[in-house]
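**Q** In my numbering, the protein residues as written are 27 to 218.
Below are the structure tokens for one structure; questions will follow.
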Amino acid sequence: MRSWYGQLKCTVRWQNNFGKCFPVLCGVRQGGVLSPYLFALYIDDLIDSLGLLGYGCYIGHLFVGCLFYADDIVLLSPSSFGLQYLINVCLQFGSHWDISFNPLKSQLMTFGGDNPIIDINMNGLSIPWASKVKYSGVWFSCNSGKTDLTDTIRRFYSQFNNIMLVLGKGCHEVNAVHLAHTDLWTGEFSPN
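Structure representation (structure tokens):
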């Protein structure tokens, strides 16, 4: 494994032309089987550090103040002060381990109240307050915390219509739904 990651090289391919090889000095392979596990090992210390602060959200004694999915992070805190503290700890961790957090791709929202007029900063830039935030393909609305699946449903119907187009007019919808369901779980069918 050390050789696999230590001697990793890449090249850029454009049509049938290949650029010069260059070494990949950090990161995990996108789509690699081991990548989620390696990332989890890498990021576990941050999760532990955030959990020990006492500023995030808890259910009983269980810390639920951060959610991670790949490189997306959600920080949850009952106060703006606590949220700023969680962000500062993430920035310290990132500085130590060479991870960049981008304030331009970050957003703030509240559940159960209007967005406060409080600046929360990351790397000297104010993070904008939003009325809804998208996380893992799902939109969450400010105040209510309700989810908005409109885009997800639209994409489903679009893909379903593509499947029906590929299968033709003689195909029964039940068979197409079964095929669409199989596609969601296996990833084997692509209408494009």
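Using N, Cα and C, we set each Cβ at its ideal position, and we do this for glycine too.
By how many angstroms is the C-alpha of Phe-48 removed from the C-alpha of Trp-40?
**A** Position 14 of the sequence shown holds residue 40. Position 22 of the sequence shown holds residue 48. Trp-40 and Phe-48: Cα-Cα distance of roughly 16 Å.
**Q** Return yes when the Cβ of Gly-120 is within less than 7 Å of the Cβ of Gly-102, no when it is not.
**A** Within the sequence shown, numbered from 1, the residue matching residue 102 stands at position 76. Within the sequence shown, numbered from 1, the residue matching residue 120 stands at position 94. The sequence given here has Leu at residue 102, not Gly. No, the pair does not count as a contact, with Cβ atoms beyond the cut-off.
**Q** Under the three-state reduction of DSSP, which class applies to Lys-160: helix, strand or coil?
**A** For the purposes of this step, residue 160 is taken as residue 134 along the sequence shown, with counting starting at 1. Reduced to three states, the DSSP call for Lys-160 is strand.
**Q** With Ile-146 as the anchor, note down where its beta strand (DSSP E) starts and where it stops.
**A** Residue numbering aside, residue 146 sits at position 120 when the sequence shown is read from its first letter. No beta strand (DSSP E) holds Ile-146; DSSP gives it neither H nor E.
**Q** Give the secondary structure of Ala-206 by DSSP, where H, G and I count as helix, E and B as strand, and everything else as coil.
**A** For this step, residue 206 is matched to residue 180 along the sequence shown. Because the pLDDT of Ala-206 is 49, which lies under 50, any placement of that residue in the model is unreliable, and the number read from its coordinates should be weighed accordingly. Helix.
**Q** Out of Met-27, Tyr-183, Cys-36 and Phe-127, point me to the one whose CA is closest to Gly-150's CA.
**A** Numbered from 1 along the sequence shown, position 124 holds the residue referred to as residue 150. Per the Cα distances, Phe-127.
**Q** Taking only the alpha-carbon atoms, compute the straight-line gap between Leu-64 and His-122 and give it to the nearest angstrom.
**A** Taking the sequence shown and counting its residues from 1, the one referred to as residue 64 is at position 38. Taking the sequence shown and counting its residues from 1, the one referred to as residue 122 is at position 96. Whole-angstrom Cα-Cα distance: 18 Å.
**Q** Extract the residue ranges of the alpha helix (DSSP H) inside the segment 92-126, only unbroken runs of 4 or more that lie entirely within it.
**A** Entirely contained in the segment 92-126, the alpha helix (DSSP H) runs reaching 4 residues are, in chain order, 106-123.
**Q** Which of the three DSSP states, helix, strand or coil, is assigned to Lys-46?
**A** Position 20 of the sequence shown holds residue 46. Lys-46 falls in the coil class under three-state DSSP.
**Q** Which residue wins for smallest C-alpha separation from Ser-157, given the options Leu-134, Tyr-111 and Asp-177?
**A** Reading the sequence shown from its first residue, position 131 is the one you call residue 157. Among Leu-134, Tyr-111 and Asp-177, the Cα nearest to that of Ser-157 is on Leu-134.
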